[in-house]
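To start, the structure under review is shown below, and the notes come after it.
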């Protein structure tokens, strides 16, 4: 079988080889073309971040230059590109700080002192940096630098010191710069723990075209994994509170684990990219869904981590113990130590990326159980060994069925453990497990069928042992599968398909849902569950960004500390609503100055008694109406007041627009505000401004249950009792049950608000303003809300088109992590509201 | 000094009996990858180290129990030879 072109196979950079031969130039051109295609795929599907695309383009240019360089110049070029990537992605200030700190740490590792003293020096520097990371002492550099600095040094410094002690690899400035600032680490806070010795030894250890071809295939595999991740993320992730049946529960449990495709995708992309610079590194993941026991799982999922733990913890601990206890005891104890260290180091990693240590019960149970299971597995293998083969494995029906069943059992065990690990609380996990009992026979058969497919896959492909470290000879074998030309065809055809079919959803216009799914695949937006989490930030501090909700986590990493901290504004009275604003305060909040009037509203000063000749309009609403993220004078209700007085005022008629909106107020808070506060201001017209009231009423009621806040309406309490929701019930269970009565509760609230206005002789209208975003538009909610509001006696005015003239909706956000509108958005809202209200005002 | 061939034979015999029971001895060549092909995993590597230390009265360090030193019968023999 042909494993490559018939022409001589040059290894550019090796003594005597020239990159200018016809065969060499042809292979280089073909490789550069495929690398370019992959860059285009990353761009077309917006994979990872914009920064990653920049680095991919930089890497492509670097790859072209590298081909024509002598071998000795390649590592310096890679180091230079790595340093350049830091400056390209971060700005000059942050990049310079990162490089400066990195050079300081590398210098400390090479300080001309005893090795023990070097380690002590590194620990002291690490402790100093950790103190700054906690925020106890302010660091002079931007906070965005921390996750990257941590990612580059938190583990690699340990490996580097270990190898430095044993002098097991060459050490020089280019190796060190390339290793620590390794392209494309600057775009990936979560980065594979590359081993220093392997990094050095694997560099150009085989013919370039073989290494490059493997790199291209791995990058393609990474792209596919990331697209699988995105398909799961966009279509299958379900908020546990919304679980309504057995299949939903299965969906939550399976999809949570499958989100790990993002990590395997990113790691394949990274390892593949490094291959393009000659680093013939081992595989990072190996068919991790097909593990068939716990040690197999440990060997397949994040292979670099396993190698790191083996090198720095497992083997040294075993060597320390082996002469003191029996060999089996030494292996068991070393395994246990390795798992305690793994648990600690996951917290340590979280600390450098997020700035705090996770101390949840899930961590303790997950790592304890996983460690225990693997230790039992290791004990078994130590005593009884495991099947190994030099050649083709002998297969029997019995052995195949056993592998299939073990693969299924392993998948189920890990998904259950994983769902427990990532659950927000026991109650949340228990709720999901409870629903498993509602699985129908047909649904159960479907799940069994899917698992059977997994079992067959495990039997067919799951036996392949993960390749721990690729030596030169094995790289040749690896690269030869598939053959050179098949490998080229695979990459070209796959990229071509992705670029044409995947980027043209219109091809699927015969099935609109399929076209939408394809379109979603090419976007990098939050799914509805994550957008929901953004909303919950109004209600309570969102301190626990789920570790595997990485899209949201990415956004929050750049969010300034204290963005959602609003203690200086809010006070908590004894009555409902559960909070309101302090009167006459001026604070900085979400990047602007927020001033409240003497009545505790974010508005101009008004007397309670309406002056003669004034038509008074009161707005009830939430943060969008309160104008979070813009100055007081820029809120749409103030812009509206100014415009009304400029264009519609006449002798004996002036307008006052009063803002009773408070961030986080849903329909229930608005009703309570209307009854207890707004009507004191002698209003002529009340505008009840909603957004997504239907899910919001669930949140308001669940919040009241969770915090044991009294809801002052017996009618709502009766509805809640119908679904057995009462104070003290876990929040997640309340969240799950309350949607069953949400429409009735909302209908009652609208009817009550309209009736209260009528009783007080005040006209009222309702409107549902849009958010400046498309990903979370919920037309099904809007239709129900319109119907309920009208049924309750409201006249509904239309403002849904307020942002219709803006094509680039993110340009209206106050920040990437906060989608409240900027001042321009408020002016657009004011125009829409102005037009909608005119028929209800005493104007000609 | 123990000849290299004798070390190789002894190591090969140990690997075949301990980890590759029933496999054809001819298929295990001096350059057959062991660690990188998954035949010697972390536990097997430690067993092999114990065997080498006892059989040849050498001391192997923790950092030597890796793919660079133990990937093939040839590598293993070289490591033992370097310590005799």
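Protein chains in written order, with my numbering: chain P, 630 to 1473; chain L, 318 to 401. Don't be surprised by glycine CBs; every beta carbon is placed ideally from N, CA and C.
Proximal chain P residues relative to residue i, where beta-carbon distance stays under 9 Å
i, result
"residue 336 (chain L)", "1014, 1015, 1017"
Contact with chain L by residue i, beta-carbon distance below 8 Å
i, result
"residue 823 (chain P)", "no"
"residue 1011 (chain P)", "yes"
"residue 1449 (chain P)", "no"
"residue 956 (chain P)", "yes"
"residue 932 (chain P)", "no"
Rounded separation between residue i and residue j - CA only
i, j, result
"residue 807 (chain P)", "residue 755 (chain P)", "21 Å"
"residue 849 (chain P)", "residue 361 (chain L)", "34 Å"
"residue 382 (chain L)", "residue 881 (chain P)", "42 Å"
"residue 720 (chain P)", "residue 1255 (chain P)", "34 Å"
"residue 1366 (chain P)", "residue 1348 (chain P)", "11 Å"
"residue 1197 (chain P)", "residue 984 (chain P)", "24 Å"
"residue 1336 (chain P)", "residue 874 (chain P)", "27 Å"
"residue 951 (chain P)", "residue 798 (chain P)", "27 Å"
"residue 734 (chain P)", "residue 1084 (chain P)", "48 Å"
"residue 401 (chain L)", "residue 1048 (chain P)", "53 Å"
"residue 1358 (chain P)", "residue 1352 (chain P)", "12 Å"
"residue 981 (chain P)", "residue 714 (chain P)", "21 Å"
"residue 1376 (chain P)", "residue 1274 (chain P)", "35 Å"
Contact list for residue i against chain L, beta-carbon separation under 9 Å
i, result
"residue 971 (chain P)", "Neighbours of residue 971 (chain P) on chain L: none; closest Cβ ~14 Å, over 9 Å."
"residue 657 (chain P)", "By Cβ distance, chain L contributes nothing, its closest Cβ being about 28 Å from residue 657 (chain P), past 9 Å."
"residue 1007 (chain P)", "359, 360"
Under 8 Å from the C-beta of residue i: neighbouring residues of chain P
i, result
"residue 359 (chain L)", "939, 943, 944"
"residue 345 (chain L)", "1019"
Listed by chain order, chain L residues near residue i by CB distance under 8 Å
i, result
"residue 797 (chain P)", "380, 385"
"residue 960 (chain P)", "360, 363"
Where residue i meets chain L, residues with beta-carbon distance less than 7 Å
i, result
"residue 948 (chain P)", "379"
Residue i at chain P interface by Cβ criterion, 8 Å
i, result
"residue 371 (chain L)", "no"
"residue 393 (chain L)", "no"
"residue 396 (chain L)", "no"
"residue 324 (chain L)", "no"
"residue 329 (chain L)", "no"
Under 7 Å from the C-beta of residue i: neighbouring residues of chain P
i, result
"residue 340 (chain L)", "1018, 1019"
Nearest neighbour of residue i, chosen from the options [CA to CA]
i, options, result
"residue 1410 (chain P)", "P:1450, P:1438, P:1326", "P:1326"
"residue 707 (chain P)", "P:761, P:734, P:682, P:903", "P:903"
"residue 1222 (chain P)", "P:750, P:1257, P:1112, P:1456", "P:1257"
"residue 1295 (chain P)", "P:1286, P:1224, P:1209", "P:1209"
"residue 330 (chain L)", "L:345, L:374, L:349", "L:345"
"residue 1458 (chain P)", "P:1263, P:1279, P:1473, P:1331", "P:1263"
"residue 1125 (chain P)", "P:655, P:662, P:658, P:1340", "P:662"
"residue 931 (chain P)", "P:961, P:942, P:889", "P:889"
"residue 887 (chain P)", "P:998, P:699, P:861", "P:861"
"residue 870 (chain P)", "P:1052, P:1248, P:1071", "P:1052"
"residue 1145 (chain P)", "P:760, P:673, P:864", "P:864"
"residue 1315 (chain P)", "P:1333, P:1424, P:938", "P:1424"
"residue 1201 (chain P)", "P:1218, P:1220, P:1229", "P:1229"
"residue 728 (chain P)", "P:711, P:1345, P:739, P:1384", "P:711"
"residue 375 (chain L)", "L:388, L:395, L:338", "L:395"
"residue 1378 (chain P)", "P:1340, P:1354, P:1080, P:836", "P:1340"
"residue 700 (chain P)", "P:726, P:802, P:832, P:686", "P:832"
- Just checking, does the segment 892-903 of chain P make contact with the segment 814-823 of chain P on the three C-beta pairs under 8 Å criterion? yes
- Item | Sufficient close CB pairs (3 or more, under 8 Å) joining the segment 653-669 of chain P to the segment 746-765 of chain P | no
- Message: I want to know whether the segment 959-975 of chain P touches the segment 983-1000 of chain P - three or more CB-CB distances under 8 Å.
- Response: yes
- Task: Determine, using beta-carbon pairs with one atom in the segment 773-783 of chain P and one in the segment 350-364 of chain L, whether at least three such pairs fall under 8 Å.
- Result: no
- Do the segment 1054-1068 of chain P and the segment 1359-1368 of chain P make contact, defined as three or more Cβ pairs closer than 8 Å? yes
- Query: Should the segment 1437-1444 of chain P be regarded as contacting the segment 1205-1215 of chain P, the criterion being three or more beta carbon pairs within less than 8 Å?
  - Reply: no
- Task: Count the CB pairs spanning the segment 1424-1432 of chain P and the segment 1230-1248 of chain P that are closer than 8 Å, and state whether there are at least three.
- Result: no
- Item | Inter-stretch contact (C-beta, 8 Å, three-pair minimum) for the segment 1017-1036 of chain P and the segment 902-922 of chain P | Touching, per the Cβ criterion.
- Item | the segment 1064-1072 of chain P touching the segment 1372-1379 of chain P, judged by at least three CB pairs closer than 8 Å | no
- Any contact of the segment 935-945 of chain P with the segment 958-974 of chain P, i.e. 3+ C-beta pairs under 8 Å? yes
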